[in-house]
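What follows is one structure encoded as structure tokens, with my remarks underneath.
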Amino acid sequence: MSPPPAAGAAAPTRPVPANHAPLPYAGLADLVAVLHFIWILFLFFGAIWGRRNRLVRVVHIAGLVFVFLVETLDWYCPLTDLEVWLRHLGGGSSYAGSFVAYYLNQIIYLTAPRSVIVTGTVLLCAVNAWLYLHPTHPANRS
Numbered sequence: 829m830s831p832p833p834a835a836g837a838a839a840p841t842r843p844v845p846a847n848h849a850p851l852p853y854a855g856l857a858d859l860v861a862v863l864h865f866i867w868i869l870f871l872f873f874g875a876i877w878g879r880r881n882r883l884v885r886v887v888h889i890a891g892l893v894f895v896f897l898v899e900t901l902d903w904y905c906p907l908t909d910l911e912v913w914l915r916h917l918g919g920g921s922s923y924a925g926s927f928v929a930y931y932l933n934q935i936i937y938l939t940a941p942r943s944v945i946v947t948g949t950v951l952l953c954a955v956n957a958w959l960y961l962h963p964t965h966p967a968n969r970s
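One rule links them: number in the working numbering = place in the sequence shown (from 1) + 828.
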């Protein structure tokens with residue numbers, strides 16, 4: 829996923845409510861970080877569940893298409909945007925937050941060259957496509 833803007837980067841363009849309490853927003857930003865991590869896990873391992881469940885397969889494939897577009901076209905991930913905005917409302921930087929959210933952000937926002945991220949995304953989609961197109965036959969199971 830696309831990394832959040834640097835600490836000195838411009839704040840998101842969404843309006844900040846006049847009277848807002850920072851604590852709920854920081855907690856919501858942490859929740860978004862956790863959901864973002866779960867979404868990434870689903871993208872990696874969703875084919876395991878999706879091979880047996882049509883609805884999961886549809887959501888998983890749609891998610892893979894979306895992440896492919898986000899990464900190859902260098903779009904900004906909406907979950908990243910939401911987390912940064914909530915952290916801004918909470919008065920913190922995009923990396924502020926709880927212990928758990930800090931380490932989740934280290935996993936979610938890998939520091940790697942763009943070419944490595946795009947290559948990884950293409951490989952992720954290819955592996956999942958192979959899993960969906962080559963189902964395990966009951967006769968081959970031990």
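Even for Gly, the Cβ is constructed at its ideal location relative to N, Cα and C.
- 7 Å or more divides the Cβ of Ala854 from the Cβ of Glu911.
- With fewer than three CB-CB distances shorter than 8 Å, the segment 872-890 does not count as touching the segment 930-939.
- Note on Val895: 16 or more other CB atoms within 10 angstroms of its CB, so buried under the neighbour-count rule.
- Here DSSP, grouped into helix, strand and coil, assigns Trp877 to helix.
- Distance check between His888 and each of Ile868, Tyr904, Pro852 and Val898 places Ile868 closest, using alpha-carbon atoms only.
- Counting only runs that start and end inside the segment 878-962, the alpha helix (DSSP H) elements of at least 4 residues fall at 882-900, 906-917, 927-936 and 942-961.
- Distance check between Leu901 and each of Tyr960, Leu914 and Ser943 places Ser943 closest, using alpha-carbon atoms only.
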